[in-house]
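First the structure, in the form of structure tokens, and then the observations on it.
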Amino acid sequence: MKESDYEELARQVYPIVRPVAGRPGATIAYSEVCGRLGGRWADLDPHSPFLAGALGMISRRCRDAGLPALSSLVVHAGAVRRPGAGYFAEFHPDVEGELEREIAWAREAELAHRTAYPESFDDL
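The sequence shown begins at 1 in this note's numbering and counts up by one.
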């Protein structure tokens with residue numbers, strides 16, 4: 001997949017995830033994000049590295065703009081309701097221990113809920 005493909009997918013994912021930031025305590029499952037995609041991404045698997053890549057691109061842009069990683073609000077479905085390992089590896093690489101990772105994620109998610117993100121991916 002080319003960089004432009006990830007960017008195309010990020011443009012579709014961003015307006016799905018962005019509204020979650022405005023709902024304190026809310027998260028969205030990877031499967032729900034995929035279920036709302038259209039076009040060539042309509043059948044994207046929630047475990048796809050392409051989704052992870054697009055979420056990473058979005059959150060790197062967020063961080064570059066001084067904003068919390070929006071992908072902190074995208075989680076596994078079911079009882080776990082936590083981001084995947086890729087989120088922690090990318091955005092909290094120096095945090096060790098399950099409790100410490102949980103705290104780092106919770107803080108970032110809380111900040112994400114209090115952040116006004118730009119209307120579009122291109123404005124990040």
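By construction, the Cβ of each residue, glycine as well, lies at the ideal position given by its N, Cα and C atoms. The structure presented is a predicted model; accordingly, all values stated were derived computationally and were not measured.
- 7 angstroms or more divides the Cβ of A112 from the Cβ of P49.
- The beta carbon of G53 lies closer than 6 angstroms to those of Y6 in the same chain, with the five residues before and after it left out.
- Secondary structure note for W41: it is in no alpha helix (DSSP H), with a DSSP letter that is neither H nor E.
- Rounded to the nearest whole angstrom, the C-alpha separation of H47 and E102 is 21 angstroms.
- The Cβ-Cβ distance between Y14 and I58 falls below 7 angstroms.
- For V13, the enclosing alpha helix (DSSP H) has its first and last residue at 3 to 17.
- Secondary structure remark: continuous alpha helix (DSSP H) runs of at least 4 residues inside the stretch 83 to 116, in chain order: 85 to 91, 98 to 113.
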